[in-house]
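Shown next, in C-alpha cells, is the structure this report addresses.
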Amino acid sequence: MANNDLIRNFSIIAHIDHGKSTLADQFLLKTGAISQREFRSQLLDGMDLERERGITIRMHPVTIYHQYNGKTYELNLIDTPGHVDFTYEVSRSLAACEGAVLLVDATQGVQAQTVANAYLAVENNLTIVPVLNKIDMEISRPEEVKSEMEQVLGIRPEEVLGTSGKTGQGVDELIVALIERIPPPQGNPDDKTRALVYNSHFDSFKGVVIYVRIMEGRIRKGQRIRMMGQGTEHVVIEMGQFRPNPTVVDELGAGQVGYLMAQIKKLDDVKIGDTVTDAFNPAELPLPGYKEPKPMVFSGLYPSNNNDYESLRDSLAKLRLNDCSFTYGPENSEGLGWGFRCGFLGMLHREIIQQRIERDSELELVQTAPNVTYEILTKKGEIIVVDNPQKVPDSGQIEEFREPFITINFLIPSSNIGDIMKLCTERRGLFSKTEYLSPIRAMVTYDMPLAEVIYDLFDKLKSLTKGYGTMDYEITGFRAEDLVRLDILVAGKRVDALSTIMHRSTAEVRGRRMIKKMREEIDRHLFEVVLQAAIGGRIVARESISAMRKDVTAKCYGGDVSRKRKLLSKQAEGKKRMKQVGQVDIPQEAFLAVLETGE
Numbered sequence: 002m003a004n005n006d007l008i009r010n011f012s013i014i015a016h017i018d019h020g021k022s023t024l025a026d027q028f029l030l031k032t033g034a035i036s037q038r039e040f041r042s043q044l045l046d047g048m049d050l051e052r053e054r055g056i057t058i059r060m061h062p063v064t065i066y067h068q069y070n071g072k073t074y075e076l077n078l079i080d081t082p083g084h085v086d087f088t089y090e091v092s093r094s095l096a097a098c099e100g101a102v103l104l105v106d107a108t109q110g111v112q113a114q115t116v117a118n119a120y121l122a123v124e125n126n127l128t129i130v131p132v133l134n135k136i137d138m139e140i141s142r143p144e145e146v147k148s149e150m151e152q153v154l155g156i157r158p159e160e161v162l163g164t165s166g167k168t169g170q171g172v173d174e175l176i177v178a179l180i181e182r183i184p185p186p187q188g189n190p191d192d193k194t195r196a197l198v199y200n201s202h203f204d205s206f207k208g209v210v211i212y213v214r215i216m217e218g219r220i221r222k223g224q225r226i227r228m229m230g231q232g233t234e235h236v237v238i239e240m241g242q243f244r245p246n247p248t249v250v251d252e253l254g255a256g257q258v259g260y261l262m263a264q265i266k267k268l269d270d271v272k273i274g275d276t277v278t279d280a281f282n283p284a285e286l287p288l289p290g291y292k293e294p295k296p297m298v299f300s301g302l303y304p305s306n307n308n309d310y311e312s313l314r315d316s317l318a319k320l321r322l323n324d325c326s327f328t329y330g331p332e333n334s335e336g337l338g339w340g341f342r343c344g345f346l347g348m349l350h351r352e353i354i355q356q357r358i359e360r361d362s363e364l365e366l367v368q369t370a371p372n373v374t375y376e377i378l379t380k381k382g383e384i385i386v387v388d389n390p391q392k393v394p395d396s397g398q399i400e401e402f403r404e405p406f407i408t409i410n411f412l413i414p415s416s417n418i419g420d421i422m423k424l425c426t427e428r429r430g431l432f433s434k435t436e437y438l439s440p441i442r443a444m445v446t447y448d449m450p451l452a453e454v455i456y457d458l459f460d461k462l463k464s465l466t467k468g469y470g471t472m473d474y475e476i477t478g479f480r481a482e483d484l485v486r487l488d489i490l491v492a493g494k495r496v497d498a499l500s501t502i503m504h505r506s507t508a509e510v511r512g513r514r515m516i517k518k519m520r521e522e523i524d525r526h527l528f529e530v531v532l533q534a535a536i537g538g539r540i541v542a543r544e545s546i547s548a549m550r551k552d553v554t555a556k557c558y559g560g561d562v563s564r565k566r567k568l569l570s571k572q573a574e575g576k577k578r579m580k581q582v583g584q585v586d587i588p589q590e591a592f593l594a595v596l597e598t599g600e
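Have a look at this one:
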C-alpha cells in the first residue's frame, strides 16, 4: 500500500483497568477483523498472566481496515500497558505512532497514570483523541469527568468522545474521529529505508521476530537488511502484519507497521530502538532510539534447585529480548548458591518477571529482599554505584551515602488527604503541593525516597482510600541521607543474602524484627546458636537459640555426685569444641520467612 494518506497509526493510553483492551477488541469487531463468534475479552492479551490479572504487560500491534467516504483506511493500533512499572513499554509504542486515544473511565475519572501517559504523548508530539469509556454504566458521571480532564489536562470538553468498550456504543464515531483527527504518517516510500524496531519476541521455530514501524523507504521479502546499531546483516525470509493473526505480506512501505523474520538465532543481535536499513543502500543516520530505562529495584533471583542454574539463565535471556528494561548478571551467595542479580523498574515488574519465568520454564525461584540503587561518594572523591548491599564499603571510607528520590503524585478522594500525608511523613516524605481537581478529588504531590515506596506503599494507598487512590512517580535524582548497611550474623558469620541498606532511624527496629523471625525458623543445634543484627561493627540486637541437651547422667542411679559432675563437664567441653567447628544449618525457609515479611 503506497498511499500514506490512507494510513493512521495510533495507540490507546490509559490508567490500568480503564478498558483499553476491551475497547481494542471492539475495534477488531467493528472493522470485521474478527467475527462475533471469535470476539472474546482481552483478545490482544495473549499471555495467560495478562488474562488472569486482567492487565496488559506487553504491547500488541494489530492492523485493521475501515471504509470511510469511499476509501479504505489502514489503521495500525498498538495496545499499551497502563501500570506505572510499564511506562517504558508505553513510550516505546508511542514512538511508532502519530496519535493516541487518551481513555478515561467515566466512573473513576482522571487517575495518576492517565496524567503521566498524557504527558508522555505530548512529549512525543502526538495528536490526542480524548475518550470517555464505560458511559453505559449507571454510576458514570461524564460531565464531572470532562471538567476534571479540562482542569488537569487542558482538554476542551467538546472534543471528548463517549464510548462503551463493553456494548460497542460510540466506537464507530471514534473510528471516524481517528481518521479525521490523527495526521497520516510522514515519510517517503522512495527514500532510503529506515525502520524503527519497537519490540521483538523469540519464537522457538522461527528465531527472533522483530516488530517494526517503517519511517521511510520500504522493506521487501528477500531484501538484505542491516541493523544500524548492532552492525549485523540479515536476509528477510518472512514479513507481515498482525490482522490480528500474523498475515504474510511481500512488502511494507513508509508509515506501515508490521513484523519481520530474518533467521536471527541470537537474542543479542536485536536491540529495541535500533534502526533497520537496506544493507546495499544504507541510510546515513539512524533514527533517534529510546532512552535506555534504568532499573531502579534490584533483587537476587536463585533457582530453588542449584541444578536449574543454566535453564534459569536461558529463560532470563529470552525475557530480556522482549523486555529490555530488565537487566541481570550472575551472583553467588553462601546461603543460596549461584543465581542472578536482576534489575527491575518496580515491584510489579519484579513480580511479573518472576511469574513469567516460573510459568515458561517451570522453575521454582527464591528472591532476595529488593533494594534500590544507591550512590556512594568516597573520601577519595570517587562515586560508586551500589545495586547490592555487599558492595557497600566500610563506613570510614564513605563521605556521602546518597539514595534515589522521586516526585510522587497521589490522586485521591479529598477525604483521604490527611491519611496520605500521615503515611508519607512516616516514610520520610517531603510535602510539595495539593491541587483540587473537583470538590471531592485532589492531587497531592510529595518528594520521597524510592526505597520507602517500593515495598508496600501502593497496597497501603489502596487500603487507605478503599481502592479509589492512584499514584504515579518519576525519579528526580540522588540525595545524601543518613543511610547504613544492616547485617545479620549467625554464629558470628555474616549472611550475605540478608544484608540490607536502610535509614539509620529505622535500622535497629528492623534488625530486631528480622532476627526474631529467624529465631523461629532455625532448628536447635547441639550447641547454642547466636543471632545478631549489626550496623558496621556495632551489634544492635541479639537473640540466641538454646542448645539441645542430652541427659548424660540418666544412667547414674544414686552414687557419688563426682561421677555426675565428670560426665557433665565432659559434655560441656564437647559442646564448646562443637561450637568452634560446628556448622549452623540455615534452612531455605528461614531466608524466605525473613524476605517475605518485606523486611
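Numbering (this note's numbering), first residue to last: 2 to 600.
The beta carbon of each residue, even a glycine, is placed where N, CA and C say it ideally should be.
Residue i versus residue j: straight-line alpha-carbon distance, rounded
i: P440; j: I546; result: 58 angstroms
i: F87; j: L346; result: Because F87 sits at a pLDDT of 49, beneath the cut-off of 50, its placement in the model cannot be relied upon, and the following sentence gives the value as read from the coordinates. Their Cα atoms are separated by approximately 8 angstroms.
i: T276; j: E376; result: 33 angstroms
i: L162; j: T446; result: 30 angstroms
i: P131; j: K72; result: 25 angstroms
i: V63; j: C343; result: 32 angstroms
i: I384; j: K494; result: 29 angstroms
i: I502; j: G241; result: 49 angstroms
i: I13; j: R182; result: 15 angstroms
i: K222; j: I238; result: 6 angstroms
i: R486; j: E404; result: 13 angstroms
i: D6; j: L261; result: 24 angstroms
i: D395; j: H350; result: 32 angstroms
i: I353; j: F528; result: 42 angstroms
i: Y69; j: L175; result: 12 angstroms
i: V123; j: Y310; result: 44 angstroms
i: S42; j: S201; result: Because S42 carries a pLDDT of 49, less than 50, the predicted location of this residue cannot be relied on, and the following value inherits that uncertainty. For S42 and S201, the distance between alpha carbons rounds to 24 angstroms.
i: L50; j: L364; result: For L50, the predicted model reports a pLDDT of 44, less than 50, meaning its position is unreliable; a value from the coordinates is still stated below. Computed Cα separation, rounded: 16 angstroms.
i: L302; j: Q368; result: 5 angstroms
i: P1; j: P247; result: Residue 1 lies beyond the stretch modelled for the chain, which goes from 2 to 600, so this question has no answer here.
i: K31; j: A15; result: 21 angstroms
i: V530; j: A508; result: 22 angstroms
i: G20; j: I79; result: 14 angstroms
i: I56; j: L378; result: Confidence at I56 is low in this model, with a pLDDT of 46, below 50, so the placement of that residue should be treated as unreliable; the coordinate-derived value is given next. So the alpha carbons of these two residues sit roughly 41 angstroms apart.
i: L76; j: A255; result: 14 angstroms
i: R244; j: V213; result: 15 angstroms
i: V510; j: L484; result: 14 angstroms
i: E53; j: S22; result: Confidence is the limiting factor: at E53 the pLDDT is only 47, short of 50, which leaves the residue's position unreliable, though a coordinate-based value still follows. Roughly 14 angstroms separates the two Cα atoms.
i: F11; j: K467; result: 34 angstroms
Limits of the beta strand (DSSP E) - the one that residue i falls within
i: C343; result: 338 to 345
i: E217; result: 208 to 217
i: N282; result: Where N282 is concerned, there is no enclosing beta strand (DSSP E), given that its DSSP letter is neither H nor E.
i: M228; result: 225 to 228
i: A452; result: From DSSP, A452 is part of no beta strand (DSSP E) but of the alpha helix (DSSP H) over 452 to 455.
i: M262; result: 258 to 262
Residue closest to residue i, alpha-carbon to alpha-carbon, out of the options
i: G169; options: R428, L133, V153; result: L133
i: R514; options: A492, D488, R429; result: D488
i: S416; options: M444, A280, P405, Q398; result: M444
i: P450; options: E482, P186, G512; result: E482
i: T408; options: L78, N77, I79, A117; result: A117
i: R219; options: D192, L412, H202, P331; result: D192
i: G330; options: F299, R357, E359, N308; result: F299
i: I476; options: Y469, N410, A535; result: N410
i: Q391; options: T426, E436, D497, K517; result: D497
i: A97; options: I211, Q533, L197; result: L197
i: D460; options: E521, L154, E436, I421; result: I421
Bridge partners - residue i, DSSP secondary structure assignment
i: A534; result: I489, A542
i: I273; result: Paired residue(s): none; I273 is not in a bridge.
i: H67; result: Y74
i: H202; result: V210
i: G163; result: L133
For residue j and residue i, believed in contact at Cβ under 8 angstroms, the rounded distance
i: G188; j: M216; result: 5 angstroms
i: L179; j: R9; result: 6 angstroms
i: A548; j: R525; result: 7 angstroms
i: V172; j: T164; result: 6 angstroms
First and last residue of the uninterrupted alpha helix (DSSP H) at residue i
i: R505; result: 505 to 522
i: E239; result: From DSSP, E239 is part of no alpha helix (DSSP H) but of the beta strand (DSSP E) over 239 to 243.
i: F459; result: 458 to 465
i: Q152; result: 143 to 154
Test: residue i CB closer than 9 angstroms to a CB of chain D
i: Y558; result: Within the model displayed, chain D is absent; a lone protein chain is all it includes.
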